[in-house]
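Below is one structure, written out as structure tokens; comments come after it.
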Amino acid sequence: MNVDLRIKELTEQLNQYAHAYYTLDAPLVEDAAYDYLYRELITLEDAHPNLVRADSPSHRTGDVILSGFEKYTHAYRLYSLQDAFSREEVEAFDNRVRKQVENPEYICELKIDGLSLSLVYEGGVLQTAATRGDGSIGENITEQVKRIKDVPLVLTEPIDIVVRGEAYLPRKNFQKLNQSREEEGLAAFANPRNAAAGTLRQLDTKVVAKRGLATFLYQEASPATNDTQEAVLSYLESLGLVVNEQRVFATNMTEIWAFIEKVSELRESLAYDIDGVVIKVNNLSEQDALGFTVKFPKWAIAYKFPAELAETDILSVDWTV
Ligand code: NAD
Numbered sequence: 022m023n024v025d026l027r028i029k030e031l032t033e034q035l036n037q038y039a040h041a042y043y044t045l046d047a048p049l050v051e052d053a054a055y056d057y058l059y060r061e062l063i064t065l066e067d068a069h070p071n072l073v074r075a076d077s078p079s080h081r082t083g084d085v086i087l088s089g090f091e092k093y094t095h096a097y098r099l100y101s102l103q104d105a106f107s108r109e110e111v112e113a114f115d116n117r118v119r120k121q122v123e124n125p126e127y128i129c130e131l132k133i134d135g136l137s138l139s140l141v142y143e144g145g146v147l148q149t150a151a152t153r154g155d156g157s158i159g160e161n162i163t164e165q166v167k168r169i170k171d172v173p174l175v176l177t178e179p180i181d182i183v184v185r186g187e188a189y190l191p192r193k194n195f196q197k198l199n200q201s202r203e204e205e206g207l208a209a210f211a212n213p214r215n216a217a218a219g220t221l222r223q224l225d226t227k228v229v230a231k232r233g234l235a236t237f238l239y240q241e242a243s244p245a246t247n248d249t250q251e252a253v254l255s256y257l258e259s260l261g262l263v264v265n266e267q268r269v270f271a272t273n274m275t276e277i278w279a280f281i282e283k284v285s286e287l288r289e290s291l292a293y294d295i296d297g298v299v300i301k302v303n304n305l306s307e308q309d310a311l312g313f314t315v316k317f318p319k320w321a322i323a324y325k326f327p328a329e330l331a332e333t334d335i336l337s338v339d340w341t342v
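Residue numbers (our numbering): 22 to 342.
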């Protein structure tokens, strides 16, 4: 195999997929197919760092922002999450954490399959809502987010706070939306995530109100006033924000894996899509000590559920959506 050529091919292909996914909200392939090719690229780049291309998707989070929206510069950078696709990869994460933290406690949360949202409250009043964008600059979607019924316009306390979470389209509303699009002769959305992203980019905010988006918040991005992730979640809830109730503590791999297995069983019965489980170090000062890479926090990992297909089928199957 000509490695240089393969890296070029993968970079170009992944950039094309990422543009369709993040910017056009119209994915060309299944997420698992994207992840598979992305993995291949990272493996080749790690083995041949001199061949990494300037436009490699490994350099960036998300994609460029749309021109129709005002740009918003995040006061606190939004990171992506490192992926794990097997028990061994979660185990390797646990081992890395243990090198720096003695007896870590983890909190395991559902990985909601929506899009990242940053909410800025000043004096308890919602001032700005923005997409993640490239992590530093996102799109200002304040007027759109104000149309999501479960986002409080005013918190229960008059505080300044920046919170992060996920906006998503409940499955029921996704089905309703696609049904009415079909009746109108419009193209159906590929999945609830893309429908949610497309909805938040509607300039007509009445459309946003009609589609019934919802949110789960999971992070205090401004310097946290709490000691643990669990305390942050309870605090966000007390402020009137919606927090997902499915979460557990874990202190070892057996407990982490038991939660992953439980979640993969209940996944189909949930009212919303998830694509995995996020495992986070619970103690925030331990999180600070672990820090970040350019793209990811070192104190968290996202275990992604396997694709429905066996790996041997991957290359022979058409994964277009
Ligand atoms: P990601 O979706 O794999 O994980 C990071 C995101 O998870 C965070 O930014 C956050 O928004 C979200 N999240 C959900 N629940 C969370 C929780 N409880 N705690 C913390 N974060 C939570 O990473 P990404 O960079 O947003 O996107 C990469 C993924 O997008 C790829 O793995 C791929 O599956 C998909 N993608 C698909 C295509 C395609 O063509 N189908 C193209 C590009 C990307």
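Just so it is clear, CB atoms sit at the ideal spot from N, CA and C, and this is done for glycine as well.
Within a Cβ cutoff of 7 Å, which residues of the same chain sit near residue i, ignoring the five residues on either side of it in sequence?
| i | result |
| --- | --- |
| Asn194 | Arg232, Gly233 |
| Asn23 | none |
With the cut-off set at 8 Å, would you say residue i and residue j are in Cβ contact?
| i | j | result |
| --- | --- | --- |
| Val183 | Val146 | no |
| Ser243 | Tyr97 | yes |
| Leu138 | Thr44 | no |
| Ile295 | Arg288 | yes |
| Gly89 | Leu224 | yes |
| Asp155 | Thr82 | yes |
| Val118 | Leu311 | yes |
| Asp46 | Gly261 | no |
| Ile169 | Ala151 | no |
| Asp248 | Asn304 | yes |
| Ala211 | Pro48 | yes |
| Pro213 | Leu190 | yes |
| Leu62 | Thr32 | yes |
| Val299 | Trp320 | no |
| Arg192 | Ala328 | no |
| Gln37 | Leu58 | no |
Might you give, ordered along the chain, the residues of its own chain that have their beta carbon closer than 6 Å to the beta carbon of residue i, omitting 5 neighbours on each side?
| i | result |
| --- | --- |
| Gly297 | Lys132, Ala323, Tyr324, Lys325, Phe326 |
| Gln103 | Phe317, Ile322 |
| Leu336 | Residue placement at Leu336 is flagged as unreliable, the pLDDT there being 47, under the threshold of 50; a coordinate-derived value is accordingly withheld. |
| Tyr239 | Gly186 |
| Glu30 | none |
| Val229 | Gln165, Arg168, Thr220, Gln223 |
| Gln148 | Val141 |
| Val400 | Because the chain in this structure spans residues 22 to 342, residue 400 falls outside the shown range and cannot be described. |
Reducing DSSP to helix, strand and coil, say where residue i ends up.
| i | result |
| --- | --- |
| Phe161 | According to the sequence shown, residue 161 is Asn rather than Phe. Looking at Asn161 - three-state DSSP - the assignment turns out to be strand. |
| Phe90 | coil |
| Glu187 | strand |
| Asp46 | coil |
| Ile63 | helix |
| Lys167 | coil |
| Asp56 | helix |
| Thr177 | coil |
| Thr220 | helix |
| Phe270 | strand |
| Asp415 | What is shown of the chain runs 22 to 342, which leaves residue 415 out entirely. |
| Ala105 | strand |
| Ala96 | coil |
| Glu110 | helix |
| Glu332 | The predicted position of Glu332 is uncertain, since its pLDDT is 47 and thus under 50; no value can be drawn from it. |
| Ala68 | helix |
| Val263 | coil |
| Glu258 | helix |
| Ala323 | strand |
Determine which residues share a DSSP beta bridge with residue i and list them.
| i | result |
| --- | --- |
| Pro318 | Phe313 |
| Ser139 | Ala151, Arg185 |
| Thr236 | Ala188 |
| Ile295 | Ile133 |
| Glu203 | In the DSSP output, where bridge partners are listed per residue, Glu203 has none listed. |
| Ala208 | For Ala208, which the question treats as bridged, DSSP gives no partner whatsoever. |
| Ala39 | Paired residue(s): none; Ala39 is not in a bridge. |
| Asn304 | Thr249 |
| Ile281 | Bridge partners of Ile281: none, in fact. |
| Val24 | Paired residue(s): none; Val24 is not in a bridge. |
For residue i, collect the residues of the same chain with a Cβ closer than 8 Å to its Cβ; drop the 5 residues on either side in sequence, then sort them by chain order.
| i | result |
| --- | --- |
| Glu91 | Glu160, Asn161 |
| Leu72 | Val24, Asp25, Ile28, Leu65, Glu66 |
| Glu203 | Ala209 |
| Glu360 | The structure shown does not extend to residue 360, since the chain spans only 22 to 342, so no value can be given for it. |
| Tyr100 | Thr82, Gly156, Phe313, Lys316, Phe317, Pro318 |
| Gly144 | Pro179, Ile180, Asp181 |
Does residue i come within less than 8 Å of chain C when only Cβ atoms are used?
| i | result |
| --- | --- |
| Pro244 | Given the protein chain composition of this structure (a single chain), no chain C is represented. |
At least three beta-carbon pairs within less than 8 Å, the region 123 to 131 to the region 264 to 273: By the criterion of at least three beta-carbon pairs nearer than 8 Å, the region 123 to 131 is in contact with the region 264 to 273.
Stretch pair the region 101 to 120 + the region 163 to 171: three plus CB contacts closer than 8 Å: Three or more beta-carbon pairs separated by less than 8 Å are not found between the region 101 to 120 and the region 163 to 171, which leaves the two stretches without contact.
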